[in-house]
Structures are given as structure tokens and as C-alpha cells.
Amino acid sequence: MKNSDLNFDYKFGFSMPEKNIFKARKGLDENIVKDISKMKKEPVWMKEFRLKAYTAFTKRKMPNWGADLTKIDFDNIFYYIKPTEKQVNSWQDLPKEIKDTYDRIGVPEAEKNFLSGVSAQYESEVVYESINRELNKRGVIFCDMDTALKKYPKIVKEYFGTLISPYDNKFASLNSAVWSGGSFVYIPKGVKLPMPLQAYFRINAERFGQFERTLIIAEEGSFVHYIEGCTAPIYTTASLHAAVVEIFVKKGARVRYTTVQNWSHNIYNLVTKRSTVDEDGIMEWVDCNIGSGVTMKYPSVILKGRKAHGEVLSIAYAAKGQHQDAGAKMYHLAPDTTSRIISKSISKAGGRTSYRGLVSVSPGAKNSKVYVSCDALIMDEQSRSDTYPYMRINEKDCEVQHEATVEKLGEEKLFYLASRGIKRSEAETLLVNGFIEPVVKEIPLEYSIELNRLIRMEMSGSVG
Amino acid sequence: MKFINLNETKQTKLIFNKPGDYTVFFHNLSGELDFRIKASGVNLDILGLFIGKKSDNFELKTNQYHISPGSTSNLLIKGVFEDRSKFIYQGLIKIEKTGQKSHAYQKNKNLILSEKVYVDSRPFLEILANDVFCTHGSTTGKINEESLFYLKSRGMNQKTAEQLYVSGFIQEIIDKIKIDQPNFKLKI
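Chains A and B, in that order, are what the protein sequence lines are. Those letters in the first sequence? Residues 1 to 464, by the numbering used here. Those letters in the second sequence? Residues 1001 to 1188, by the numbering used here.
Shown next, in the form of C-alpha cells:
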């Protein structure tokens, strides 16, 4: 009885007819990589970077741990699609289908409210971009990665691929070979952006993998909050999303990166995210994984300066057919560094959530402190929850704490709510929302409302 | 109450197929230890103690398998590491679909006393049933500074204070065994 009302129609599971200018053929070989680079009129070093990465990708084996990736068919994916010929600057200039898609996700509304700049990715390229005067005035650069490569080649070349090398892992290699779009953010020294920067990502073509590339550089004493939110339509064959995100946090700077991941359930979401933090810097990842069929994502923080702080707050929700294998990595390389990982996961209707995390304290990272807490809720008998934390401690003068709990919803709490006349499904929703509250409260208002609504929708089984 | 000292029995695969209270103890053991709970009403305490000196190198895996419903397992491993000693520990709690209403706990506490020590702790959980309660915790670090300061303020020197702290740290395990085995003595 309890599980009968769990059917969930994907809310954003609509798709617009495809209308693309250029579409590479399916599959991947050296010529496609060269074509992509040529199409984008890239400098030689980038072409060579892509080819190097492609070779690494072909040589690399699939990971033999984590989620089941055996169903990915690399030959059956489109690696590059260019949706419209050139970028447009205003909302009105966008093609109607694309505008309709965005309207349904609510981009214009969100923008009106408090976006300081929207860079929305529709398929491979960023087609719509509005950068407000405020950003320019402060010297902030916020554009898509392809534009950055053309306009700011020096900065891009200095940082691109230095934190996540094209040899890092199979999916980082794939991304490095065929990357397209993504965001480039440069915050000058001392600039503190009061409003978050947002980008919306969207996949529309069937069997099309999206390989965006994001690079954020926060100079000394600056602050930025970057938000990415994902919604994608439903398709029958699996799509692949393999992004790479590199973040450089300089001395005393602070970067917060918030993700609300709500891909449709046929998508493989295999993302490499990493940041390095200099002295007194702060890096915060807020990572919410609600959608996708399989997610493997472990945002990392390399604490290399004294007193650097790293934080990962994460929510994972897995329903039928989903496996969320998410977590965090913290590398303590310098003295007085601190980190905190809070993970909340919920599995329901046969879903599986896994926390996988690494904490590493290197020799010399004196007086460093680590706190890890993972809580999991299992809603029914078919579901599963795993916890795989790794702690490597090579320093005497440190404190490392890890704790985890796995349980079901408290019968006493449900009974109490029932005695107050609240229906069981509503009571469950209330308790689940309470369970994830510590992370949700860190997310900007419109996202936390959306997230609470999503959970309510998922829990009650009703749509809208 | 049944008391099993793995250093004496040399068992590595233990199966619990009768209800009752069990306490398993081991000291400085490397290898893989399986605890299979195949009956309801089992109440299992697993106590491990590690004292690493010089170039001691311990590699331990423990697996708590809950195959039957309604049993409890409670693991506590404490380690004190000096010199160049190494401790690599991987602990797994696995609750099978058939293990509803299980309670399983796993705790690993390590004290590092020397710069050259390496500790690798991996407390894993794999939970396939929903009506369960499982927790694990792991702490690794140096001797608590406040505690040392207090002892020194009472006139103890650094060395004595550290020794007292460490013996208190170990005593938790001994005390748990002594509840039912009053004559138990740890042979180090």
C-alpha cells in the first residue's frame, strides 16, 4: 500500500523538435575531435590538448568501482551539436523552441528576480547570455568557455586543465577531448559579488552527451556564488553528461558552488569537480542530486594554503532505477586547515544511494580538523544505502571525525503526526524535508523552494 | 554470555546461529574477520584493541553480516599508535534484505602518538533492508590537549599525563570485558 503511489512523471520531460545547424555524426574518432576544434576556430594548443585527451580516453579503462556503467555505448552518442549559428544577446532573439523550453523551466522569471547574469546552455553552445552592467563595471568576467578562449586566451591557457588534467580519469579525458560550452568566471582582486551567478544547462537531442567545461578563478579576497541547475527531457536511450569543473580560490577568497541536479532518469551524470584553495581561502560545494539514472560525482577540495577551509554539503535522492554515487574529497596539505562534509541521502522505491568520500591528511598539515557526517534514510524494503568513507591520516597533530547513520523514518514521529490528523504521505514528506533541512537552508531561496517542492512531488507521487 | 578470544581460538570466520549474548575480543590481529549472524536474538559485542609500536603494520578487515532479522552487533576498535606503526582498517556492516530489524554499530577510535604514524580507516556500510538502525563512527587524532593540560595542572609531567590518558583510553575495552569476565587480564 505504502509504495503504490510512487509513480513519478518527470516534470520537465518534454522535448522540442530539433533544429540544429551542425551535428557531428555519432561516435568518436580523431577526425571528429579535429572537426570540433576547427568548427570552433580554436588555437593550436587547444586542438593539441583535445587530441592528447582523446588518446588518453581511448587507452583508459572504465572505472571498476562505483555505479554500473556497462550500459554506456560510446559509439552511439553525438559528441557535438551547434544549436544556432551565433550567440544572441537578448531574450527576444532566441529561436522560439528554445525560448519555450526555457519558459517552462522558468529562466526569465528567475532572472527578473535576482540574477546578476544568465548564461543558459542549450545543447553544446551557450546561446543566450545576458551580462549586466554591474558585472562589467566591477571587472568580473562571466561568459561561456568558448568565448573566453577567444577573448581571454592568456588567462584560459594559464589555468585550463591544470587542476584536472586530461589524463585524470576516463570521463575527464572524454570531456577534455570534446568539451563544448560551460562557464568561465573571473573575479578580480577584492571584488565581492553580492548576487549569485547562474547558469542553466539543458540537454535536448537524443543520445547526445553534454560535455561542458567550467573554470572559475577567484582572485585574492574576492567572493562569488555560482549556481548551476539542471533539468532535462526524458528519452528512451541513455544520454551521457560528463562535465569538468575547475575552481581556483586565491588567498582569502571565497567561492560557493551550488548545484541542483535534476537530469531525467536515463542520463549518466559523470562529473569531475575540483578546487584548490590558497591561504585563508574558503571553498564550499553545495551539491543536490535529485535526478539522473546514475550519478558519480565527488567534488574535491585541495587545501594547500594555511588556514584554508573546505566544505561539501550534499543531498542525494534516489528513486526507482536510480543510483546516486556521490560524495566528497578533502585533501589537507597545509597546517591549520579545516574541512566539513555533511551528506544527507534518501533512497526510495528501489533506489540506491552511496556516499563515497575521501579525507586525506598529509604530513605537515598540523592542527588540521576534519568533520564528516553522513545520514541516510531508507524509505522501503526495496531500497539500499551504502557508505564508503576513506580516511588516510599521516599527521599526528590533527583531529579527524567521521560519523554515519542509516535508518528509516521514525515510527514514533509518524505516529505523533498521525495523531495530529496529518496524513501518512504528508507526514513522510514533512519528515524528509526536515531531514534535509540543514543542507537546504544553505541554498538560495528560489532553489530551496524548488527543492522542497520537488521532494514533496517525489514523495507524494503526484505531479505538479 | 559467551566469551571468545580470537587470539586464543585463532578463528577468522565466526557464525552465530543460536540466540544469546556473545563477546568477541582480539588484540593486534591482522587479517579478515567475518561475523555472520544467522539467528535472531543474537547480541554480539566485538572488541578490538591495537597497540602499535616501532614498525608494526596492522591490516585488518572486519565484516558484520546480518543475514537473520532482529539481532544486534556492536563493534568497537581502539588503537594507540607510536613510532612508525601503521594501521589500515576496513570495516563493513552489511545488512541483507533478510536482516530486517537489525541494529548494527561500528566504532573505530585511534590515538596517534608519533609523527611517523599512518592510519587509514574505512568504515563501510551496505544496507539493503529498511527497518534497521546502523551507525558508524571513526575518530583519529592526538591526545586531547585540554585533558593533558588538566593533568599537568595537577602536577603531573607531560610523560606521566600522556601515559595516564592512554591507559584510560585502553581501559574502556578492558572494562567492557570485565563485566562478565572479572578475571580477564590483557597480555601485552
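Cβ atoms here follow ideal geometry from the backbone N, Cα and C, with glycine treated the same way.
**Prompt:** If you measure from the beta carbon of residue 412 (chain A) to each beta carbon in chain B, is any gap under 9 Å?
**Reply:** no
**Test: residue 1019 (chain B) CB closer than 9 Å to a CB of chain A** = no
**Message:** I'd like to know whether the C-beta of residue 112 (chain A) is nearer than 9 Å to at least one C-beta of chain B.
**Reply:** Interpretation of residue 112 (chain A) is limited by its pLDDT of 37, a score under 50 that renders its predicted location unreliable; the figure taken from the coordinates is listed afterwards. So no, residue 112 (chain A) is outside the interface.
**Asked** Can you name, in chain order, every residue of its own chain whose Cβ lies under 7 Å from the Cβ of residue 310 (chain A), other than the five neighbours on each side?
**Response** 277, 283, 301, 303, 330 and 339
**Asked** Residues in its own chain within less than 8 Å of residue 1156 (chain B) by CB, not counting five upstream and five downstream?
**Response** 1164
**Cβ separation of residue 1083 (chain B) and residue 1109 (chain B), assumed to be a contact under 8 Å, to the nearest whole Å** = With 8 Å as the limit, residue 1083 (chain B) and residue 1109 (chain B) do not qualify as a contact, their Cβ atoms being about 19 Å apart.
**Message:** Tell me the rounded alpha-carbon separation between residue 256 (chain A) and residue 1148 (chain B).
**Reply:** 38 Å
**Request:** Would you mind telling me which residues of chain A sit closer than 7 Å to residue 1069 (chain B), beta carbon to beta carbon, in chain order?
**Result:** The premise fails here: residue 1069 (chain B) is roughly 12 Å from chain A at the closest Cβ pair, so nothing lies under 7 Å.
**Request:** Return helix, strand or coil for residue 29 (chain A), following the three-state DSSP convention.
**Result:** coil
**Request:** Label residue 1187 (chain B) either buried or exposed according to how many other C-beta atoms from any shown protein chain fall within 10 Å of its C-beta, with 16 as the threshold for buried.
**Result:** exposed
**Message:** On the DSSP bridge list, what partners appear for residue 226 (chain A)?
**Reply:** A:197 and A:257
**Request:** Please work out which residues of its chain come closer than 6 Å, Cβ to Cβ, to residue 408 (chain A), disregarding the five sequence neighbours upstream and downstream, and give them in chain order.
**Result:** 378
**Request:** Per DSSP, which residues does residue 318 (chain A) bridge with? Please list them.
**Result:** A:347
**Item:** From A:31, A:355, A:434 and A:381, residue whose alpha carbon lies closest to that of residue 1130 (chain B)
**Value:** A:381
**Prompt:** Is DSSP giving residue 1153 (chain B) helix, strand or coil here?
**Reply:** helix
**Prompt:** By Cβ distance below 7 Å, which residues in the same chain neighbour residue 333 (chain A) in space, the five residues on each side in sequence not counted?
**Reply:** 302, 303, 304, 362 and 365
**Item:** Same chain only: Cβ atoms within 8 Å of residue 139 (chain A), ignoring 5 sequence neighbours per side
**Value:** 188 and 191
**Message:** If you reduce the DSSP assignment to three classes, tell me which class residue 1106 (chain B) lands in.
**Reply:** strand
**Prompt:** Do the CB positions of residue 75 (chain A) and residue 26 (chain A) come within less than 9 Å of each other?
**Reply:** yes
**Item:** When A:445, A:351, A:324 and A:452 are compared against residue 67 (chain A), the one with the closest alpha-carbon
**Value:** A:324
**Message:** Please report the distance separating the alpha-carbon of residue 280 (chain A) from that of residue 306 (chain A).
**Reply:** 6 Å
**Message:** Can you tell me whether residue 1174 (chain B) is helix, strand or coil according to DSSP?
**Reply:** helix
**Message:** Any beta carbon of chain A sitting closer than 9 Å to that of residue 1146 (chain B)?
**Reply:** no
**Prompt:** Between which two residues does the alpha helix (DSSP H) harbouring residue 330 (chain A) extend?
**Reply:** No alpha helix (DSSP H) contains residue 330 (chain A), which is instead part of the beta strand (DSSP E) from 323-332.
**Message:** Given this structure, state the Cα-to-Cα distance separating residue 957 (chain B) from residue 290 (chain A), to the nearest angstrom.
**Reply:** Residue coverage of chain B in this structure runs from 1001 to 1188, which leaves residue 957 (chain B) outside it and unanswerable.
**Three or more C-beta pairs below 8 Å linking the segment 1086-1102 of chain B and the segment 1119-1134 of chain B** = yes
**Prompt:** Between the segment 1112-1127 of chain B and chain A, which residues of the former have CB atoms less than 9 Å from a CB of the latter, in chain order?
**Reply:** 1112, 1113, 1114, 1115, 1116, 1117, 1118, 1119, 1120, 1121, 1122, 1123, 1124, 1125, 1126 and 1127
**alpha helix (DSSP H) segment containing residue 436 (chain A), residue limits** = 424-440
**Message:** Buried or exposed, going by whether 16 or more other CB atoms sit within 10 Å of the CB of residue 478 (chain A)?
**Reply:** Only positions 1 to 464 of chain A appear in the structure, and residue 478 (chain A) is not among them; the question remains open.
**Item:** Per-residue burial, residue 287 (chain A) [other beta carbons within 10 Å of its own, 16 or more giving buried]
**Value:** buried
**Request:** Run down chain A in chain order and give the residues with a C-beta less than 8 Å from the C-beta of residue 1053 (chain B).
**Result:** Result: empty, since nearest Cβ-Cβ is about 15 Å, beyond 8 Å.
**Request:** Answer with yes or no whether the minimum CB distance from residue 340 (chain A) to chain B is below 9 Å.
**Result:** no
**Closer than 9 Å to chain A by CB, residue 1133 (chain B)** = yes
**Local conformation of residue 1187 (chain B) per DSSP, three classes** = coil
**Request:** Using a Cβ-Cβ cut-off of less than 7 Å, give me the residues of the segment 388-405 of chain A that come near chain B, in sequence order.
**Result:** 388, 389, 390, 391, 392, 393, 394, 396, 397, 398, 399, 400, 401, 402, 403, 404 and 405
**Request:** Would you tell me roughly how many angstroms separate the C-alpha atoms of residue 1159 (chain B) and residue 1138 (chain B), rounded to the nearest one?
**Result:** 26 Å
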